[in-house]
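Here the sequence shown stands for residues -21 to -1, 1 to 491, where the numbers follow mature numbering (1 follows the signal peptide of the UniProt record, and there is no 0). The beta carbon of each residue, even a glycine, is placed where N, CA and C say it ideally should be. Encoded as structure tokens, the structure appears first; notes follow it.
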Amino acid sequence: TERMNIRGAAVLALAASPSLAAAFTATPPGTSSSGLGLGPVVGRRRQQRGGRLAVGPLSAQRGGGVPVLEDWKILRNGAAYGTVSNHPSLPDGDVITTSPLADPKSSTDGTIVVTKSGSKYKLGSSKNGARAAAPAKAKAKVAAAAAKPAPAKRASLFRAAAAKVAPPKKAAPEAKPVAPAKKAAAPQKPAAAVAKKSTAAPAEVPSGPSLQERVRQAKIDYGLSGRTVGDGRYLLAGKPQRSTSGKSMIFSAYRGDAEGLPTGSMVTVKLSPNLEAMRRESKNYDRVTSGLFSGRFVKKIEFLENAGSEFSNQCALVLETGKKNLKSVLSSRMNRGLSGRAMRNASSSAAQCIQAMHTSGLVWTDLKAENFVVLPDTTDMAGMVGIDLESAIGHRGNPVDYSPEACPPEFADAFLKGNGQSFVLDYSYDVWSYGMLLYELNVGRGYFSKTGASQVTKILRSETFTPDLGGVSDAKLRDLIKQCLQVDPKKRPGFAQILLHPYFLSTGIGPF
């Protein structure tokens, strides 16, 4: 009878006092938002008794706390992927990808993880369930313990309520059994304090942008065109340019990650339907950079014989990106040539490239300003490297094409006689081209900059042609150029002689 009276009094007390009801149903301090604690236990008990509860998961009924990810997995970039619930702005059941986690290795079932952007998520059951075994058992034990009523705490709340609503005359007899309960409950915090702390609005959990939002922003930030090479392997950016030979298209690009977002530094992608020429260039990069003298060339990243479904019947060569080529550098200087350390660095870099080609048994045949680029974050031309080895052919082979401004007189003569394709290549071909390059870098314009291509070959084959080097002010440099531009190929120096020229040795440290 006393138990029935206490229970009845408690029901009246809860009905009459909303604050006391809140204290009773709120989650006590120290419990997590995962569903453990008195509040959710009461909710389950009321459901078992047939009480009316709000439709939806308990996470929605709580209205706050850390979002939960079920069926989760960690992606290669460190982000978490799974089905979300209890999110402040997304409906339960949405599949999301978070921003990368601060510590992906600590991800286990039941833990709260933090993204690099500061958002928090609680990990439920993982996708494969293997990592969830141990935490699941622990959860079951805690849930079972929580489901059992806590006699001391419930007695304290009910009897305090009974003492509050009982008539004055009947309160005295019931005070004796209540006193021990109050004394037992002394170590606990007052109900009002519990209610105040438990009913406080939970802090809003910041949520990172969705994958679609991040992809959209990446297109803006990186200038992505939406097209890819290798079916998502590389994300193309900006507008393409045609190569100096006119046979390929040059794109800027970024490596794509598992989510289709750009990662790493910008690269250059060279696309062409000419598989034979691109294979040759790829092999030339491998051959030159693996030799005794590797020279100074852009780094070859990879060669894709199949550029992907968006570029059918084309192949792709992926290379390190330069800031701008030498032709553009001279143009930005209003065609004022290089001098001092910058001129010497440029001459040295080009010489190293030709040395690497010749020691690898190759003749470049296309040595010109457009085929050298300056790498970012370098000064005084120290970061100048060679590109475009598509036209490089083995020594004593036959050329596949030519550039009028870079070809020597002996080739011009053979070309005009119709023997260009059968012309036998020698290293002296590149020595002439090197002399023309040095002239352009120092003077600021090409020797034949105001002459048409057909006229260049006619001038070069003329028996009376002798290069005018009056525009070169440095005497040692002028002498080096003069030796390289000997009309008779047999009189041109080899690169062992070039590297020992006083222009390089005048500082006492040599060209390298």
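Within the stretch 281 to 353, the runs of alpha helix (DSSP H) at least 4 residues long that lie entirely inside it are, in chain order, 305 to 311, 319 to 338. Taking C-beta separations shorter than 6 Å and ignoring five residues to either side along the sequence, the partners of LYS106 in its chain run ASP50, LYS52, following chain order.
Nearest to LEU464 by C-alpha distance, out of MET360, GLN331, ALA385, SER244, is ALA385. When the beta-carbon positions are compared, VAL208 and ALA295 come within less than 8 Å of each other. Annotation for SER452: no beta strand (DSSP E) segment contains it, and DSSP assigns it neither H nor E.
Bridge pairing for PHE276: GLY365 [DSSP]. When only Cα atoms are considered, LEU309 and ASN324 end up about 15 Å apart. With 16 or more other CB atoms across the displayed protein chains lying within 10 angstroms of its CB, LEU404 is buried. The Cβ atoms of ASP380 and SER224 sit closer than 8 Å to each other. Contact annotation: VAL364 and THR300 have beta-carbon atoms that are not nearer than 8 Å. In the assembly as shown, LYS101 is a buried residue. Its beta-carbon has 16 or more other beta-carbons within 10 Å. Assignment of TYR381 by DSSP, reduced to helix, strand and coil, places it in the coil class. The beta carbon of SER189 sits closer than 7 Å to those of ILE75, all from its chain and outside the five residues before and after it, given in chain order. The stretch 399 to 419 and the stretch 366 to 381 touch, with no fewer than 3 CB-CB distances between them shorter than 8 Å. Rounded to whole angstroms, GLU389 and THR436 show a C-alpha spacing of 10 Å.
Nearest C-alpha to ARG440 among ASN263, LYS455, GLN331, ALA391: ALA391. Counting the other CB atoms within 10 Å of its CB gives LEU479 a total below 16, which places it among the exposed residues.
Nearest Cα to LEU484 within the set GLY431, LEU459, TYR233: LEU459. Counted as a single uninterrupted DSSP element, the stretch harbouring GLY205 is not any alpha helix (DSSP H) but the beta strand (DSSP E) occupying residues 203 to 208. In the structure shown, PHE230 falls within a strand segment according to DSSP collapsed to helix, strand and coil. Rounded to the nearest angstrom, the Cβ distance from SER328 to ARG275 is 5 Å, consistent with a contact under 8 Å. The C-beta of SER382 has 16 or more other C-beta atoms within 10 Å across all chains shown, which makes the residue buried.
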